[in-house]
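See below for the structure under consideration.
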Amino acid sequence: MRILRRRWLQIFVSGLVLLFLVERTLVATQNPNFFPSVILLGAFLVPVTLLTYLYERQPEWEVPLPALATCFLWGGVLGTVVAGTLEYEVAVSLGFLPKLLIGFIEESAKLIVPLVFYFLGRYRSESAGILLGVTTAAGFAGLETMGYGFLVLLQSQGNLATLDTVLILRGLTSPAGHLAWTGIVAAVLWRERLKAGRPTINRRVIGAFATVVVLHALWDTFQGTRGATFVEFLSLELISLAIAVVSVTIFVRRVREADRTDRAAKSRVR
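This is how it looks when you write it as structure tokens:
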């Protein structure tokens with residue numbers, strides 16, 4: 027079948043197999059040395075799968091793998107370090123950390139490395155911006171999930187089921203979270219530069235950034251709230267699902283717009 031030749035699917039399935047093998051080995055041997063492998067595979071499997079899907083579905087996209095690797099590594103590490111430092115300073119100063127401020131800090135931190143490429147102007151299409159933004163967000167999301175996984179592993183005293191729950195939930199929701207949010211802002215940034223002919227931060231860019239900050243804050247708020255009854259629990263989960271649907275819908279629209287723009291540009295060249 028044609029879909030079986032898709033590399034994103036091959037990566038996802040092979041990643042699941044590797045994760046299963048590592049976990050079974052961990053259970054069989056009771057060797058804690060396998061915990062880092064479980065956390066690494068569980069944290070990065072879905073983000074890397076989505077990245078591969080985006081890269082594969084549009085082979086004409088202009089961003090080479092070295093640039094994407096730079097975004098993944100530098101963007102992910104620098105983003106988490108900057109966000110973690112600023113969130114700590116705010117929490118110490120205010121005595122608490124508002125969800126809206128968390129969204130602002132993390133969405134800003136994820137844009138540091140993509141903005142370097144943006145102002146250098148080497149990759150100019152909207153699709154290039156999406157790839158650079160999503161790649162950075164994938165590195166950020168994976169590292170953040172690894173941190174949460176390590177923390178819950180310590181708190182649960184090595185409970186593998188608890189660790190799996192965190193990795194699965196955060197992994198499955200990452201495309202609707204960090205990856206979608208940064209992809210949205212990057213898409214608008216690159217689109218507006220194409221229109222203006224130069225780097226620009228206008229009201230559309232600010233509007234896109236404000237939108238993802240609010241979505242991020244809402245997501246953190248409802249994901250961090252636990253209902254006392256089943257009805258409350260279900261209501262909170264439905265609200266979280268609605269936020270995820272909105273995030274993915276906006277992101278998909280930006281990807282489709284980038285496709286149309288690329289096709290139009292190629293037709294003009296021909």
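Using the working numbering, the letters of the sequence shown correspond one by one to residues 27 to 296.
Glycine residues also receive a C-beta, built at the ideal position from the N, C-alpha and C atoms.
- Burial is judged here by how many other beta carbons sit within 10 angstroms of a residue's own beta carbon; S273 has at least 16 and is buried.
- G101 is positioned such that its CB atom lies closer than 8 Å to that of V139.
- Note on geometry: alpha-carbon atoms of L137 and P92 lie some 18 Å from one another.
- Under the 10 Å beta carbon count, R252 is surrounded by fewer than 16 other beta carbons and is classified as exposed.
- In this structure, DSSP gives V89 a state outside helix and strand, which the three-state scheme calls coil.
- For P225, no alpha helix (DSSP H) encloses it, and the DSSP letter there is neither H nor E.
- For the options L77, Q181, R32, T226, the alpha carbon positioned closest to that of R150 is the one of T226.
- DSSP, reduced to helix, strand and coil, places G250 outside both helices and strands of the structure shown, so it counts as coil.
- The alpha-carbon of L104 is positioned some 10 Å away from that of G110.
- The C-beta of V160 has 16 or more other C-beta atoms within 10 Å across all chains shown, which makes the residue buried.
- Under the three-state reduction of DSSP output, S182 falls in the coil class, being neither helix nor strand.
- Per the C-alpha coordinates, the member of N57, L123, E49 positioned closest to L67 is E49.
- When the Cα atoms are used, T171 and A234 turn out to be separated by approximately 25 Å.
- Taking the C-beta atoms as reference points, A202 is found no nearer than 8 Å to I156.
- Inter-residue distance for P62 and G184 is about 12 Å (C-alpha atoms, whole angstroms).
- Looking at R31, L35, L71, S40, the one whose alpha-carbon comes closest to that of D190 is L71.
- By the Cβ-count criterion, A268 is exposed, with fewer than 16 other Cβ atoms from all chains shown falling within 10 Å of its own Cβ.
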